[in-house]
Structure formats: structure tokens, C-alpha cells
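Colleague:
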Amino acid sequence: MKHNFLSDPIGFADRGENPTVITKMKSGYAVIGLTQFLPGYCLLIRAPKVNELTDLEYGDCNDFLLDMSLLGDALKEVCKPKRINYSIYGNEAPFLHAHVFPRYEWEPEYNRRNPVWTYPETNWTDDQYQWNEETHRDLLLNIKMVLEKRMLSAY
Numbered sequence: 001m002k003h004n005f006l007s008d009p010i011g012f013a014d015r016g017e018n019p020t021v022i023t024k025m026k027s028g029y030a031v032i033g034l035t036q037f038l039p040g041y042c043l044l045i046r047a048p049k050v051n052e053l054t055d056l057e058y059g060d061c062n063d064f065l066l067d068m069s070l071l072g073d074a075l076k077e078v079c080k081p082k083r084i085n086y087s088i089y090g091n092e093a094p095f096l097h098a099h100v101f102p103r104y105e106w107e108p109e110y111n112r113r114n115p116v117w118t119y120p121e122t123n124w125t126d127d128q129y130q131w132n133e134e135t136h137r138d139l140l141l142n143i144k145m146v147l148e149k150r151m152l153s154a155y
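Just so we're aligned: 5 in this note's numbering is position 5 of the sequence shown, and the numbers increase by one with no gaps anywhere.
(1) Leaving aside the five residues before and after residue 41 along the sequence, list all residues of the same chain whose C-beta is less than 6 Å from its C-beta, in chain order.
(2) Would the region 5-14 and the region 60-73 be scored as touching if the rule is three or more Cβ pairs under 8 Å?
(3) On the three-state DSSP scale, how would you describe residue 100?
(4) So, helix, strand or coil for residue 18, using DSSP?
(5) Between which residues of its own chain and residue 155 is the CB-CB distance below 8 Å, once the five residues before and five after are set aside?
(6) Suppose the cutoff is 7 Å on Cβ atoms and the five residues either side in sequence are ignored; what does the same chain contact list for residue 83 look like?
(7) Can you say whether residue 13 is buried or exposed, counting buried as having 16 or more other CB atoms within 10 angstroms of its CB?
(8) Determine the DSSP secondary structure at residue 155, reduced to helix, strand or coil.
(9) Return the chain-ordered list of same chain residues with a C-beta closer than 8 Å to the C-beta of residue 23, the five sequence neighbours on each side being excluded.
(10) What does the alpha-carbon distance come out to for the pair residue 132 and residue 95?
(11) Among 107, 79 and 113, which has the Cα closest to the Cα of residue 139?
(12) Taking DSSP's pairing of strands, which residues face residue 45 in a bridge?
(13) Do you know how far the Cα of residue 112 is from the Cα of residue 36?
(14) Helix, strand or coil for residue 128? Go by DSSP, reduced to three states.
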């Protein structure tokens, strides 16, 4: 499934046209991941756009990292994973974003003990794992509710 908003996820989010947006945070947008083989996978996309974490002033950097942590806390409450993994790369997408992955006890041991990128390509591309508005609406709304409560107490 091809999503038009992927060409400019920040611009589409700014215009209210990115359906993966969970909520606007202090440092950017919390969005649900396009693959959900690990239920609850989300990203924090920095807005306004910068290329990498080191492009931010210290206060903005702190805001981004706090928001990443708040998103992880919300996922922990909603999805009940064993732990949360956080990663920032920037090698492929030309803007600062953080991956926030819930990790589960039910994952195969090899995958559970290694980065998510060790999963087979089919986990990332197979239609059964792809996000869609109908299937994942309740998950998105539950994350939004918990995340916005956490934001109120943190800001």
C-alpha cells in the first residue's frame, strides 16, 4: 500500500493530512508506524524539520528526548510490552525522527534479544502487518489518550 503522506510526512501532518499522527507534541509529531508486527510501534518526528539531533539547541534537544520518553511510557502502559527500545538513525529519511518499539516476551528469542532490524523483510512488508486506519484505530486512540495525559503532567 502506497501512502502519499510519506513524500512529506511533516508537511502532511502540519496540514492535518497525515492519518498516522497520534498527537502533536512539544517537539514534533507522535505517529503510529506503518508496520505493526510489534503492536504499538511508533515514531516521533521532529517538527519543524531538522536533519539530526545535533542540529538542535540544547533546550530543543531536551524537548525531543523527553517527548520520545513520554511516547515510550504511553506505549508501555497501553501495549504492556516487556520493554521499550528507542533508536535514532537518520540514514534513510532526511529528517530527525526516533523509532519507539515495544518489545514483547512472545517474540522469538533471537529477535527479542537483538535489534528489531533482525526480523525478516516480510515482517516489514507483508500486508498482514501493515497499519491501516480501521484495524489500528483503537490502538492509535488508546495511545493518544494515555500520551496526552502524560504530556499534561510533563509540560
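Built from N, CA and C at the ideal position, the CB exists for glycine as well.
Modeller: By the coordinates alone:
(1) The residues are 33 and 101.
(2) As far as the Cβ criterion goes, the region 5-14 does not touch the region 60-73, which means the pair count is below three.
(3) Correct three-state label for residue 100: strand.
(4) Note: residue 18 maps to coil in three-state DSSP.
(5) Counting only Cβ-Cβ distances below 8 Å, and skipping sequence neighbours, we find 26.
(6) If we look at residue 83 and ignore the five residues flanking it on each side, its Cβ neighbours are 103.
(7) Burial call: buried.
(8) Of the three classes helix, strand and coil, the one that applies to residue 155 here is coil, per DSSP.
(9) The residues are 29, 30, 144, 147, 148 and 151.
(10) So the two alpha carbons sit approximately 24 Å from each other.
(11) Nearest option by C-alpha distance: 79.
(12) Looking at the DSSP assignment, residue 45 forms a beta bridge with 29 and 97.
(13) The alpha-carbon atoms of residue 36 and residue 112 are separated by roughly 15 Å.
(14) Here residue 128 sits in helix by DSSP.
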